[in-house]
Each structure stands twice: as C-alpha cells, then as structure tokens.
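Student: Residue numbers (our numbering): 1431 to 2029.
Take a look at this one; I'll ask things after.
Encoded structure:
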C-alpha cells in the first residue's frame, strides 16, 4: 500500500479515487482532472503524505524543508499550491549523486518542497487511472506490489510453465533518457486527456536541473511523479509483449489458458514468452534458445524504434537457466534438476554476501566506538531488513550461515569486552529455541544472522487494488500481515533516542498487542508506522513510568488531540478523525490524567 500518513477516506476522498479507477477500467477517458487535483481534500492529503516521508527534511534548491511549511495553516498551503499551479513554472531541481553497488553513481533530482507537494497532488489523481490500464505482471512502484511478487512470478514460470530460457534486455540510463513527447502521447492514449494537466506534466519534465540546464529528455529520479511516469512508458512494452503470446487474440474463446497455449505452440509460429517487470528491470521467459533469440531481437527493435530508447548490448543477453544463473532483483535464479523435472532454485549472490559482511563489520565497529542501545538497534534493523528481503531465496539459510561464520568472529573479537554473550537468547526476541550465539548491549539483544529459513514468495492476487472497496475488504488481512512485518522493521529502525530500553521494547510489544491499531481511534497504522506515537497514560512528571501497562499506542493525530488546548486545532483534528462517543470518552479520560479539559 502507498506510504500515506493520512488515508484518502479521512478526507472523504476515497470514493473519487475509486471512481477514477472504475471508469478507467471500463476504458473511459478523462478531460477534467485539474479540478480534482486542486481539490482542497487532495492537496491536504498530498501535504500529509509528503510530511510523513523520510525525505521531507531534505531541502531542494530553495533550501526549504517541510518544517518551513508546517507553520502554515491548511488554507495557506492550499492557496500556495493553487497559486503556483495557476501559472506553473517548476523550480530548479537539486542534483545529488548516490553511489551504486558497482562503484558508479546514480544521479537523483530533488525538487523543492512546494513542487513535491504539487507532484504528489498529481500522482494521487493520475495513479488510479493508470493503475487500471497497467499490465498485470509489472510490479515496481505500484500499490501493494513488491519485489517478492516479481520473484514469485519468476518461480512460477520456471516451475509450472517450464520456461528455462531467459532474455535480459538492459536499457541504457532509462530514467535519464525518457522521450518527453512520447510520454505525453502515452498519457493521452492511456486516458488522461486534460490538456492543462498534460501541459503541467510536460513543464515538470522540462524543469531546470541545477548546474546542468533545462532537461531535454528524461524524468529525474527522486521526483515524486517519476516512478509512475516510468511505468507509463514501459506499460506499452508490457502489453506489446503480452499480445505476442500471453494475450494473443484468438477466434476461439478458450476457457483454459493452458489449452490455448498448446494450440498456439503446435499450430502457429508464435514465440512463447512471458514478461516479468519491476521498474526498468525486466526479463522474458521462454522455452527454447530459438525463441529466446527471436524475443531478444524483437524487443531490442521495439524499444529502440517505438520507445526511442537505447539498449546496452554488453548487459543484454540470453541465459539457459539449466546451465547458468540469472540475476533478478538482487537474487540469482537457476533451473536445477530434481528427480524427473527442473525446479527453480534461488541464491544470495556472492558479491552481496561480501557486501553484507563488510556492512556488518562496519556497524560492529560503530558499536565498539559508542556502546549505546541505539547502535545495536541500528544493527538489528539492518539484519531484520536482510532477513525480510532474502528469505524468499531457496538457498538463503546456507548463505547466511556463511555470512554469520565470518561476522560472528568479528563480533566476538571487537565486542568481547563490552557486551554479554549468549547461546540462548531469551524469549522476547523469539530465538529461544534457535541456540544461535548472540550478544546484548545494555539489555538489547542482537538478531542472530543465521536465524533465517526459506519462506516461499506468494504470487500477487490480481484482483487486489486499493481503489476498490470490495477488494479492500476481501484482501485486507493479507495486506495487513505484510505491512505489519514492514512496520516492525520501521519501528525498530527508528529507535526513540533518549528514552529507556524498557520504553522502546514496550513500544514494540504494545504495537504488536494492538495489532497495529490506534488504541483510541482504531486507525490502522501498519500502513503508516511513521505516525505511531507511544503515549504515557500517567505522565512521567506525575510519577508514571515506562511500564507496559502505562503506555498506549496512538496515531499522531490522536496524540496531537490528546495534548491540544487551542479550540481551532481541536476542531480541525476532530473533523479529520470523526471519533464516535466511545472513542471520545476514552480520549477524554486520558486528557483528564493530564489535567486537561474534556472535548
């Protein structure tokens, strides 16, 4: 789900987004989107989302961060956005370079804060329209979808469809070379036919890049709207590939796809193949070397002629998965013989294993230099993130045993004088039965590196979308389970400094106990862990402590309401939260503990 601190339903805006998705799904076009973009509900939602982003404290070329905008009232923010859009001219984009794993730098473009709010306002309206038209097996930068879904699809094509040849096509500098005119035409073809909206999007694309001048092509990585526009560009490729086999039109309406594929294979000269894409990283899986060669040249030709993009011949290749591995989304895949068939096996790459060891040793060194709980929490967050990502690799346990073998030596040698070592780590981290060696700093235990086992990646349920009430009800439990896992990682990573170990540990336990819900309003916070606040029932200055029973998990808006004393702030928050009488009674009871008046 998108990282939204305030969900659309809080501003009674969800129905409008659902309607856009439904109409687009039915093939309708849209000529009046600008009025929705400047709707005050949409702007307030955009501001709340940008405010909660981790990058909101990164300034653009004007030097302003979200803190500079928090002082404005809601009406002032709305007027700022509307005034700028009335005669839109984007501010220059700040250029920064992020090092990549291959030693090269990735250029990022950081818009100013006001431009980020505007881009988010556009994204919220355009996304449901394009989501309805996107190909089902693209997984990057889309609501609810993840790398694990792309990995699950890869396993499916190798295991079930028995497609053991893989075509890799690498697009040179994809984000930096997107053709602006082509992109605007693609937006028009996908149903976005509001000329004012298209004109503003084109201005966003042609923004000035600090130190480089006006962008003649490309969309800056780092822009809020860039991932969505990139998917629009490659959606044309997705559907073209699907039309060659997966969605090939036939006279006979086959109820079973497998029967249709058998006919296509035996009675036509079509090349069998399926595309799996995550952003600009994609693969075509097929059944033979001859088909792979035909796909290779067909896609290369299509991208160069139709999308006006260039292919890297050095990085593009065909792989026989029965003989060699292919790298996709940081995991290596191979088709391995097992009994009378070939099955997909996946591995953590050796270069990745070495990088993990280097990073672990660096974090251990930081703990040795400054033995504080926050540093251990940072190490735990890193390890948990590795486990969550690589657990879908079938050979992950072997890989992490090797990593742990080398890293545990470094832990012992560097930290033996600072920490307590354990072979049985106690109950509240869940490793009591694992018997893996770990250590603790001031009571915070590390997560054992080797304590990981394979967990199968699950295919994405194609009927699932955030823009349908029926879908939200049907798939809500699956969605929340995934986001609870991510929320735990976020909360552990964002250890609250200058608070006791007891407070931080009970904060996590309380969040788990409430199943990620605000204990006053009932708001689901698994999707927006950055809005989680831990409130003391009895204030510390009144003798309250960090005991589990004295803490309560609430949403940030509820926390602000708990402490609010100004009438207009209370009124605004009440209009957003819409608490029922039972919830209001609970809130007032907590306010009474702070000697504040009832609302």
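We put the beta carbon where it would ideally sit given N, CA and C, even for glycine.
Compare the C-alpha of residue 1556 against each of 1609, 1623, 1523, 1811 and name the closest.
Tutor: 1623
Student: Could you check whether residue 1640 and residue 1491 sit closer than 9 Å to each other, using their CB atoms as the reference points?
Tutor: Residue 1640 is positioned such that its CB atom lies closer than 9 Å to that of residue 1491.
Student: Taking residue 1688 as the reference, give the member of 1698, 1471, 1699, 1676 with the closest Cα.
Tutor: 1676
Student: Based on Cα-Cα distance, which residue from 1456, 1444, 1485 lies nearest to residue 1469?
Tutor: 1444
Student: Of the residues 1736, 1737, 1761, 1730, which one's Cα is nearest the Cα of residue 1747?
Tutor: 1730
Student: Once you ignore the five residues that flank residue 1811 on each side, which residues in its own chain have a CB closer than 7 Å to its CB?
Tutor: 1919, 1922, 1923
Student: I'd like to check one pair, residue 1874 with residue 1803: are the Cβ atoms closer than 9 Å?
Tutor: yes
Student: When DSSP labels each residue in this structure, what does residue 1965 get in the three-state scheme?
Tutor: strand
Student: Express the C-alpha separation of residue 1651 and residue 1846 in angstroms, rounding to a whole number.
Tutor: 44 Å
Student: So, residue 2029 versus residue 2014, is the Cβ gap smaller than 9 Å?
Tutor: yes
Student: So if DSSP puts residue 1707 in a beta bridge, which residue, or which two residues, is it bridged to?
Tutor: Under the DSSP definition of a beta bridge, residue 1707 partners with 1568, 1712.
Student: Take residue 1760 and list the residues in its own chain whose beta-carbon comes closer than 6 Å to its own, dropping the five residues that flank it on each side.
Tutor: none
Student: Following the continuous beta strand (DSSP E) through residue 1546, name the residue where it begins and the one where it ends.
Tutor: That residue, residue 1546, is in no beta strand (DSSP E); its alpha helix (DSSP H) goes 1543-1561.
Student: Grouping DSSP H, G and I as helix and E and B as strand, with all else coil, what is residue 1755?
Tutor: It is coil, neither helix nor strand.
Student: So what's residue 1672 in DSSP terms, helix, strand or just coil?
Tutor: helix
Student: Just tell me which of 1536, 1547, 1452 has its CA closest to the CA of residue 1482.
Tutor: 1547
Student: Quick one: using the 10 Å Cβ neighbour count with 16 as the cut-off for buried, is residue 1979 buried or exposed?
Tutor: exposed
Student: Going by other Cβ atoms of all chains shown within 10 Å of its Cβ, with 16 needed for buried, is residue 1456 buried or exposed?
Tutor: Exposed is the label assigned to residue 1456, since fewer than 16 other Cβ atoms lie within 10 Å of its Cβ.
Student: My output table needs one value for residue 1959: the three-state DSSP class, helix, strand or coil.
Tutor: DSSP places residue 1959 within a helical segment (H, G or I) once states are collapsed to three.
Student: Taking the Cβ atom as the reference point for each residue, do residue 1633 and residue 1519 lie within a distance shorter than 9 Å?
Tutor: yes
Student: Let's see if you can read the secondary structure: which residues bound the alpha helix (DSSP H) around residue 1586?
Tutor: 1577-1589
Student: Give me the DSSP bridge partner(s) of residue 1776.
Tutor: 1763
Student: With distances taken from CA atoms, which of 1796, 1739, 1464, 1695 is nearest residue 1604?
Tutor: Comparing Cα-Cα distances from residue 1604 to each of 1796, 1739, 1464, 1695, the minimum goes to 1739.
Student: Starting from residue 1513, follow the alpha helix (DSSP H) in both directions and report where the run begins and ends.
Tutor: 1504-1516
Student: Do the stretch 1446-1455 and the stretch 1891-1900 meet, that is, are 3 or more Cβ pairs less than 8 Å apart?
Tutor: yes
Student: Is it right to say residue 1799 is buried, meaning 16 or more other beta carbons lie within 10 angstroms of its own, or is it exposed?
Tutor: exposed
Student: Assuming residue 1595 is part of the beta strand (DSSP E), what are its boundary residues?
Tutor: 1595-1598
Student: Which residues bound the alpha helix (DSSP H) around residue 1830?
Tutor: For residue 1830, the uninterrupted alpha helix (DSSP H) segment begins and ends at 1826-1845.
Student: When you compare the CB of residue 1670 with every CB in chain C, is at least one pair closer than 9 Å?
Tutor: In the displayed structure, chain C is absent; only one protein chain is listed.
Student: Give me whichever residues DSSP pairs with residue 1538 in a beta bridge.
Tutor: 1526
Student: Under a three-way DSSP split, which group does residue 1643 fall into?
Tutor: strand
Student: Taking the alpha carbon of residue 1808 as the reference point, which residue from 1818, 1993, 1796, 1572 has its own alpha carbon closest?
Tutor: Nearest option by C-alpha distance: 1796.
Student: If the criterion is Cβ atoms closer than 9 Å, does the pair residue 1565 and residue 1669 meet it?
Tutor: yes
Student: Hey, would you say residue 1647 sits closer than 9 Å to residue 1589, going by beta carbons?
Tutor: no
Student: From 1749, 1570, 1630, pick the residue whose C-alpha is nearest to that of residue 1707; which is it?
Tutor: 1570
Student: List the endpoints of the continuous alpha helix (DSSP H) containing residue 1750.
Tutor: Per DSSP, residue 1750 belongs to no alpha helix (DSSP H); it is in the beta strand (DSSP E), 1747-1750.
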